[in-house]
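For reference, the structure discussed in these notes is given below.
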Ligand SMILES: NC(=O)c1ccc[n+]([C@@H]2O[C@H](COP(=O)([O-])OP(=O)(O)OC[C@H]3O[C@@H](n4cnc5c(N)ncnc54)[C@H](OP(=O)(O)O)[C@@H]3O)[C@@H](O)[C@H]2O)c1
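Residue numbers (the UniProt record's numbering): 1 to 313.
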């Protein structure tokens with residue numbers, strides 16, 4: 001079967017550039033959107049050039065120019081849009097509604113993967129405020145896709161290691177703390193950690209796969225289903241030192257929302273659902289919906305391997 005041609009919209013982003021690289025690695029003709037608005041953003045230009053050097057084809061298009069989006073979409077079979085959705089970076093999820101309009105008009109797209117890459121939204125109807133804004137916006141995009149009968153796959157990537165593992169799941173840092181750690185609740189709730197490049201690899205595996213059409217793909221590599229205490233234990237073994245741990249209850253975590261800015265409140269909500277509620281693992285996933293079962297040929301990265309890069313030199 002011919003491999004689908006892929007257009008990545010948001011290809012210079014954190015997940016986006018990994019998706020472009022994974023798509024090229026897996027032999028797909030790959031297009032990446034270059035928006036005129038990036039203008040003098042030298043990092044984005046350099047990222048696009050680096051992707052072009054690896055074989056990606058750069059196409060121009062803007063969310064302010066419907067025709068240009070339709071033309072870009074017409075070049076592909078599959079569209080993936082890892083649009084920004086983190087408040088502490090940028091948050092523009094609803095822009096995807098314009099892309100949905102373009103896909104509807106183009107009429108040629110066999111699969112659309114919108115900006116998800118987190119928890120399973122369909123199960124997050126009771127998400128706490130104000131973190132629920134992301135859930136509402138991603139669900140609005142889902143509804144537009146399904147109303148337009150666009151074939152889709154939603155990627156539930158769980159906790160990206162770059163954000164949740166490097167930090168040992170602490171607030172306010174992306175690197176392991178040197179001495180003191182906070183444990184959420186009893187620290188034994190199971191969480192799913194996934195290497196960021198593996199998210200891209202599994203995502204691209206799914207795009208031509210009829211088994212994942214109009215479904216959610218859950219990325220739950222079995223050896224990366226760990227509690228916060230287990231993750232910390234892996235780090236302590238790597239550095240040969242035990243860190244000081246202080247536990248806070250779910251209620252204490254929620255009480256912290258009263259004293260912090262909006263962005264931190266959003267993050268606290270997310271941490272509460274993941275580490276106290278156990279929202280990533282408190283439901284069963286069928287074998288034909290789970291990435292490591294569907295694609296056993298992927299040698300996914302384990303978290304001891306992932307953490308090695310953080311060991312001080
Ligand atoms: N599960 C997890 O742990 C986790 C962690 C991080 C992110 N995520 C999710 O992953 C998805 C992608 O996040 P990310 O961190 O990769 O995003 P990001 O790097 O912050 O941004 C991705 C892209 O969004 C596009 N964008 C931003 N503002 C725009 C605007 N005003 N107009 C048009 N395009 C705009 C840009 O595309 P260009 O390339 O065209 O400039 C940018 O490269 C989100 O849904 C997020 O919630 C999940």
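Cβ atoms here follow ideal geometry from the backbone N, Cα and C, with glycine treated the same way.
Under the assumption that residue 141 contacts residue 114 (Cβ atoms under 8 Å), give the Cβ distance between them as a whole number of angstroms.
-> Position 141 of the chain shown holds residue 141. Position 114 of the chain shown holds residue 114. With a Cβ gap of about 5 Å, residue 141 and residue 114 count as contacting.
Candidates 13, 6 and 18: closest to residue 195 by CA position = The count along the chain shown starts at 1 and reaches residue 195 at position 195. Checked all of 13, 6 and 18; the closest Cα to residue 195 is 18.
Under the assumption that residue 82 contacts residue 15 (Cβ atoms under 8 Å), give the Cβ distance between them as a whole number of angstroms.
-> Sequence index remark: in the chain shown, residue 82 carries index 82 (1-based). Sequence index remark: in the chain shown, residue 15 carries index 15 (1-based). The Cβ separation is near 4 Å, so the contact holds.
With DSSP collapsed to three states, give me the class of residue 206.
-> For this step, residue 206 is matched to residue 206 along the chain shown. Helix at residue 206.
Three-state secondary structure (DSSP) at residue 190?
-> Position 190 of the chain shown, counted from the first residue, corresponds to residue 190. Reduced to three states, the DSSP call for residue 190 is strand.
Opening and closing residue of the alpha helix (DSSP H) in which residue 251 lies = Along the chain shown, one-based indexing puts residue 251 at 251. 250 to 255 is the span of the alpha helix (DSSP H), which, as asked, contains residue 251.
Residue 61: CB within 6 Å of a non-hydrogen atom of ligand 1 = Residue numbering aside, residue 61 sits at position 61 when the chain shown is read from its first letter. False, no ligand heavy atom lies under 6 Å from that Cβ.
Mind reading off the beta-carbon distance from residue 185 to residue 249? Whole number of angstroms is fine, and I expect it under 8 Å.
-> For this step, residue 185 is matched to residue 185 along the chain shown. For this step, residue 249 is matched to residue 249 along the chain shown. Residue 185 to residue 249, Cβ: 6 Å. Contact.
Distance between beta carbons of residue 216 and residue 289, contact taken as under 8 Å | Indexing the chain shown from 1 puts residue 289 at position 289. Indexing the chain shown from 1 puts residue 216 at position 216. Indeed they touch by this definition, with Cβ atoms about 7 Å apart.
From residue 280 to residue 120, what distance separates their C-alpha atoms?
-> If you number the chain shown from 1, residue 280 lands on position 280. If you number the chain shown from 1, residue 120 lands on position 120. For residue 280 and residue 120, the distance between alpha carbons rounds to 8 Å.
Would you say the beta carbon of residue 160 comes nearer than 6 Å to a heavy atom of ligand 1?
-> Residue mapping note: residue 160 aligns to position 160 of the chain shown, counting from 1. Indeed, a heavy atom of ligand 1 lies less than 6 Å from the Cβ.
Straight-line Cα distance separating residue 213 from residue 152 | By one-based count along the chain shown, residue 152 stands at place 152. By one-based count along the chain shown, residue 213 stands at place 213. Computed Cα separation, rounded: 6 Å.
Ends of the beta strand (DSSP E) at residue 156?
-> Start at 1 with the first residue of the chain shown, and residue 156 comes out as number 156. 153 to 156 is the extent of the beta strand (DSSP E) around residue 156.
Between the region 21 to 39 and the region 5 to 13, do three or more beta carbon pairs fall short of 8 Å?
-> yes
Can you say whether residue 180 is buried or exposed, counting buried as having 16 or more other CB atoms within 10 angstroms of its CB?
-> Numbered from 1 along the chain shown, position 180 holds the residue referred to as residue 180. Exposed: under 16 other Cβ atoms inside 10 Å.
Identify every residue that forms a DSSP beta bridge with residue 85.
-> In the chain shown, counting from the first residue as 1, residue 85 sits at position 85. Looking at the DSSP assignment, residue 85 forms a beta bridge with 91.
If you measure from the CB of residue 202, is any heavy atom of ligand 1 nearer than 6 Å?
-> The sequence position of residue 202 within the chain shown is 202, counting from 1. No; taking the cut-off as 6 Å, the Cβ of residue 202 has no heavy atom of ligand 1 nearer than that.
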